[in-house]
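Enquirer:
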Amino acid sequence: MTNDAQQSWWKGAVLYQIYPRSFQDTSSNGIGDLAGITSRLSYIRELGVDAIWISPFFTSPMKDFGYDVSDYRDVDPLFGTLDDFKILVEEAHKNGLKVLIDQVLSHTSDQHPWFAESRQNKTNPKADWYVWVDPEEDGTPPNNWLSVFGGSSWQWDTRRCQYYLHNYLKEQPDLNFHNPEVVQAQLDNVQFWLDLGVDGFRLDTAPYYYHDKQLRSNPAKHQGTDIKPYQMQQHIYDIARPEAVEFFQKLRLLMDQYPETTLLGEVDGGDRTLQLMSDYTSGDDRMHMAYSFELLSDHHSPDYISTVLSKYTAVLDKGWVCWSLGNHDTIRSMTRWGADIEDKENFAKLLLLMSGTLKGSVCLYQGEELGLPEADVAFEDLQDPYGIDFWPEYKGRDGCRTPMVWDARQPYGGFSITDPWLPIDPHHIPLAADNQERHEDSTLKFYQNFLAWRKTQQILKTGEISNIEATDSVLSYRRTDENSAYLIYLNFSEQEQQITLPSKHVACLYSNQRMPEIHPDSTATLAPLQGFIATISE
Ligand code: BGC
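Okay, so the sequence shown: first residue is 574 according to my numbering, each after it adds one.
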């Protein structure tokens, strides 16, 4: 196999995102851990995914639940030890699963020794490792930049009598990537994990690494007020600066020393996201894949999705996207898109038929394969600082972070033997994995069967996408390669829909329901929420 072919396992791969706090607790502290993930590897293998992506498990004061790292090279005791991680990687590989881990390079925890040193004074060796600025004459910060989590992104530090930049919590100071020592230190940290055998990284907040050196204020978006003031600016100076590409090139050079590894960048840059995704992934000298937010939106009409797909096809022809319908930051798709749908199972299956047939790779989020809805978390149980601050208009991210449900008959759904860090929603219990394993037509079984079939369909991994069309109810597109053409029809409505096929010689390949009958005039009737994949048989 050529080097190129070896490195392309990620093209069209299915990744499974694990939020370790909520996957499986083996230490009985109510918090999931690395040994818990290892104990569930056979479940993940049976699901039929190619890789796992594990959200942060590094040493952290947990202000942002691990996205505030205080030691890049160690495991937080809550999750286990470095040895547990080594075992996890070894066992995952034995199970044929690649392992991606998060890398939160843009900011550290304020408890990181680098920040402790940096904030001492203006002359220490790490004085310039973070973004420090003097106040204006009137004591205010130098510009209008805002934190994603609310308020100014500048925090006053009384020791240095300066402000420091934090794009997220004030406990997550931003590193100064304009300083080459910072760049090198982060590359060294990444290399540490490559040497431990990981297969790739999900790069947290990839457009946030660099800020405008001149600290220019962002222009307003002029689109009225929003519950999140962050949305009221055009983020052209605080983030997504052009220098980022150079950093990705350096990172890629490092990655290329470790064959078959991959970089999946989280790319959310407001209106410029698509262009950034193209800039960051076009060519084989930068990141491999960009994680898209478009299907994490509240919109989900066939028309919206077809517009997104067409835009992506046009702009991203040389890059690579990774789609996702859910993650640890977003309301679960079964609630975001499916709250009013009665036939939940067929809707969950329809969504997989879509994400599994788009051009790109796909990330599934733990629990998606069970069709879990967003959990209802009471204000007094909230953990997420973002949710606590914006409650009740925005309830934060706890509703998608509640523990996995493994066994309907065990206390806490088999997640733990003690009260978990977030409560388990009683509506999740009947959907537990063991219940679904027993029913051939469950959502979980459908995931297993479809993903096993998909593994054998190269066209769905790397084929082109074309003929993207939408009616009020039906989204359709084609995947093609030199040998064949697959037609995909997805009925998002709860009514039957008539479709007209491009030929009467069409062979049905896969559906979430009984295969539709194709009439002599090349029309077919899709059942409510039916998705179906066919091929032209001539
Ligand atoms: C992660 C969030 C986190 C933020 C800051 C995001 O993109 O997915 O969970 O709060 O980065 O690190």
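We put the CB at the ideal spot given by N, CA and C, even for glycine.
These numbers come from a predicted model, not from an experiment.
Cβ atoms of residue 801 and residue 855: under 8 Å apart, would you say?
Expert: In the sequence shown, residue 855 corresponds to position 282, counting from 1. In the sequence shown, residue 801 corresponds to position 228, counting from 1. Their beta carbons are not under 8 Å apart, which means residue 855 does not touch residue 801 by this criterion.
Enquirer: Does the distance between the C-beta of residue 901 and the nearest non-hydrogen atom of the ligand BGC fall short of 7 Å?
Expert: Looking up residue 901 in the sequence shown gives position 328. True, at least one ligand heavy atom lies under 7 Å from that Cβ.
Enquirer: Please classify residue 1023 as buried or exposed, where buried requires at least 16 neighbouring CB atoms within 10 angstroms.
Expert: Position 450 of the sequence shown holds residue 1023. It counts as buried.
Enquirer: Buried or exposed: where does residue 853 fall if 16 or more other Cβ atoms within 10 Å of its Cβ makes it buried?
Expert: By 1-based counting over the sequence shown, the position of residue 853 is 280. Residue 853 should be labelled buried.
Enquirer: For residue 1093, I'd like the list of residues in its chain whose CB is within less than 7 Å of its CB, leaving aside the five on either flank, ordered along the chain.
Expert: If you number the sequence shown from 1, residue 1093 lands on position 520. 1077.
Enquirer: Going by DSSP, name the residue or residues bridged to residue 1056.
Expert: Working through the sequence shown from its first residue, we reach residue 1056 at position 483. Beta-bridge pairing links residue 1056 to no other residue.
Enquirer: Helix, strand or coil for residue 596? Go by DSSP, reduced to three states.
Expert: Residue mapping note: residue 596 aligns to position 23 of the sequence shown, counting from 1. Coil at residue 596, not helix or strand.
Enquirer: Quick check: the stretch 621 to 640 against the stretch 945 to 954, are there 3 or more CB pairs under 8 Å?
Expert: As far as the Cβ criterion goes, the stretch 621 to 640 does not touch the stretch 945 to 954, which means the pair count is below three.
Enquirer: Where do the N-terminal and C-terminal ends of the alpha helix (DSSP H) with residue 674 fall, by residue?
Expert: To locate residue 674, count along the sequence shown from 1; it is residue 101. Here residue 674 belongs to no alpha helix (DSSP H); instead the beta strand (DSSP E) covers 671 to 676.
Enquirer: What residues match up with residue 541 in a beta bridge as DSSP calls it?
Expert: Any question about residue 541 goes unanswered here, given that the chain covers just 574 to 1111.
Enquirer: Helix, strand or coil for residue 835? Go by DSSP, reduced to three states.
Expert: Position 262 of the sequence shown, counted from the start, is the residue given in the question as residue 835. Strand, per DSSP.
Enquirer: Just the Cα atoms here: how many angstroms apart are residue 716 and residue 834?
Expert: Counting from 1 along the sequence shown, the entry for residue 716 is found at position 143. Counting from 1 along the sequence shown, the entry for residue 834 is found at position 261. For residue 716 and residue 834, the distance between alpha carbons rounds to 39 Å.
Enquirer: State the Cα-Cα distance for the pair residue 1101 and residue 1071, rounded to the nearest angstrom.
Expert: As a position in the sequence shown, residue 1101 is number 528, starting the count at 1. As a position in the sequence shown, residue 1071 is number 498, starting the count at 1. Spanning the two alpha carbons is a distance of roughly 11 Å.
Enquirer: Is it the case that the CB of residue 632 approaches a heavy atom of the ligand BGC more closely than 7 Å?
Expert: Translated into the one-based positions of the sequence shown, residue 632 becomes position 59. Checking every heavy atom of the ligand BGC against the Cβ of residue 632, none is found closer than 7 Å.
Enquirer: Run through DSSP, which three-state label would residue 520 get?
Expert: Examination of residue 520 is not possible in this model, given that the chain is present from 574 through 1111 alone.
Enquirer: Taking only runs that begin and end inside the stretch 706 to 776, name each unbroken alpha helix (DSSP H) of 4 or more residues, in chain order.
Expert: Those alpha helix (DSSP H) runs which fall completely within the stretch 706 to 776 and span 4+ residues are 753 to 768.
Enquirer: Return yes when at least one heavy atom of the ligand BGC lies under 7 Å from the C-beta of residue 777, else no.
Expert: Walking along the sequence shown from the start, residue 777 turns up at place 204. It does: the Cβ of residue 777 is within 7 Å (strictly closer) of some heavy atom of the ligand BGC.
Enquirer: Pick out the complete alpha helix (DSSP H) segments inside the stretch 992 to 1039, 4 residues or longer, and give them in chain order.
Expert: Runs of the alpha helix (DSSP H) inside the stretch 992 to 1039: 1006 to 1010, 1016 to 1028, 1031 to 1035.
Enquirer: Taking 7 Å as the cut-off, does the CB of residue 883 come closer than this to any heavy atom belonging to the ligand MG?
Expert: Absent from the structure shown: the ligand MG. Ligands present: the ligand BGC.
Enquirer: When the Cβ atoms of the stretch 766 to 781 are set against those of the stretch 673 to 683, are three or more pairs found closer than 8 Å?
Expert: Verdict: yes, contact present.
Enquirer: For residue 825, tell me which candidate among 908, 760, 997, 915 has the shortest Cα-Cα distance.
Expert: Here the question's residue 825 lines up with position 252 in the sequence shown. Out of 908, 760, 997, 915, 760 has the C-alpha closest to the C-alpha of residue 825.
Enquirer: If you measure from the CB of residue 1050, is any heavy atom of the ligand BGC nearer than 7 Å?
Expert: For this step, residue 1050 is matched to residue 477 along the sequence shown. Checking every heavy atom of the ligand BGC against the Cβ of residue 1050, none is found closer than 7 Å.
Enquirer: Given a cut-off of 8 Å on the beta-carbon distance, is the pair residue 595 and residue 982 in contact?
Expert: Taking the first residue of the sequence shown as 1, we reach residue 595 at position 22. Taking the first residue of the sequence shown as 1, we reach residue 982 at position 409. Cβ atoms of residue 595 and residue 982: not closer than 8 Å.
Enquirer: Hey, how far is the Cα of residue 885 from the Cα of residue 622?
Expert: Numbered from 1 along the sequence shown, position 312 holds the residue referred to as residue 885. Numbered from 1 along the sequence shown, position 49 holds the residue referred to as residue 622. Answer to the nearest angstrom: the Cα atoms are 24 Å apart.
Enquirer: With DSSP collapsed to three states, give me the class of residue 583.
Expert: Numbered from 1 along the sequence shown, position 10 holds the residue referred to as residue 583. The answer is helix: DSSP assigns residue 583 an H, G or I state.
Enquirer: Just checking my contact of residue 1004 with residue 943 at CB under 8 Å: how many whole Å lie between their CB atoms?
Expert: In the sequence shown, counting from the first residue as 1, residue 1004 sits at position 431. In the sequence shown, counting from the first residue as 1, residue 943 sits at position 370. Correct: roughly 5 Å between the Cβ atoms.
Enquirer: For residue 1040 and residue 1052, I'd like the C-alpha separation in whole angstroms.
Expert: Here residue 1040 corresponds to residue number 467 of the sequence shown, with the count starting at 1. Here residue 1052 corresponds to residue number 479 of the sequence shown, with the count starting at 1. C-alpha separation (whole angstroms): 9 Å.
Enquirer: Does DSSP classify residue 878 as helix, strand or coil?
Expert: By 1-based counting over the sequence shown, the position of residue 878 is 305. Three-state result, residue 878: helix.
Enquirer: Specify the secondary structure class of residue 1076 as computed by DSSP and reduced to three states.
Expert: Translated into the one-based positions of the sequence shown, residue 1076 becomes position 503. In the structure shown, residue 1076 sits in coil (DSSP, three-state: anything other than H, G, I, E or B).
Enquirer: Whole angstroms are fine: how far does the CA of residue 970 sit from the CA of residue 961?
Expert: Walking along the sequence shown from the start, residue 961 turns up at place 388. Walking along the sequence shown from the start, residue 970 turns up at place 397. Answer to the nearest angstrom: the Cα atoms are 10 Å apart.
Enquirer: Out of 667, 690, 805, 695, state which residue places its alpha-carbon closest to the alpha-carbon of residue 724.
Expert: Mapped onto the sequence shown, residue 724 falls at position 151. Checking every option, the nearest Cα to that of residue 724 belongs to 805.
Enquirer: Look at the alpha carbon of residue 1088 and the alpha carbon of residue 1099, and state the distance between them as a whole number of angstroms.
Expert: As a working mapping, residue 1088 is identified with position 515 in the sequence shown. As a working mapping, residue 1099 is identified with position 526 in the sequence shown. Between residue 1088 and residue 1099, the C-alpha separation is close to 9 Å.
Enquirer: Taking 7 Å as the line, does the beta carbon of residue 840 fall inside it for any heavy atom of the ligand BGC?
Expert: To locate residue 840, count along the sequence shown from 1; it is residue 267. It does not: the Cβ of residue 840 is nowhere closer than 7 Å to a heavy atom of the ligand BGC.
Enquirer: What whole-angstrom Cβ distance do residue 730 and residue 741 have, given they're in contact under 8 Å?
Expert: Locating residue 730 in the sequence shown gives position 157, counting from the first residue. Locating residue 741 in the sequence shown gives position 168, counting from the first residue. Residue 730 to residue 741, Cβ: 17 Å. No contact.
Enquirer: How about the stretch 1014 to 1032 and the stretch 930 to 944: do they share at least three Cβ pairs that are nearer than 8 Å?
Expert: Because the criterion of three Cβ pairs below 8 Å is met, the stretch 1014 to 1032 and the stretch 930 to 944 touch.
Enquirer: On the three-state DSSP scale, how would you describe residue 990?
Expert: As a working note, residue 990 is residue 417 in the sequence shown. Coil, per DSSP.
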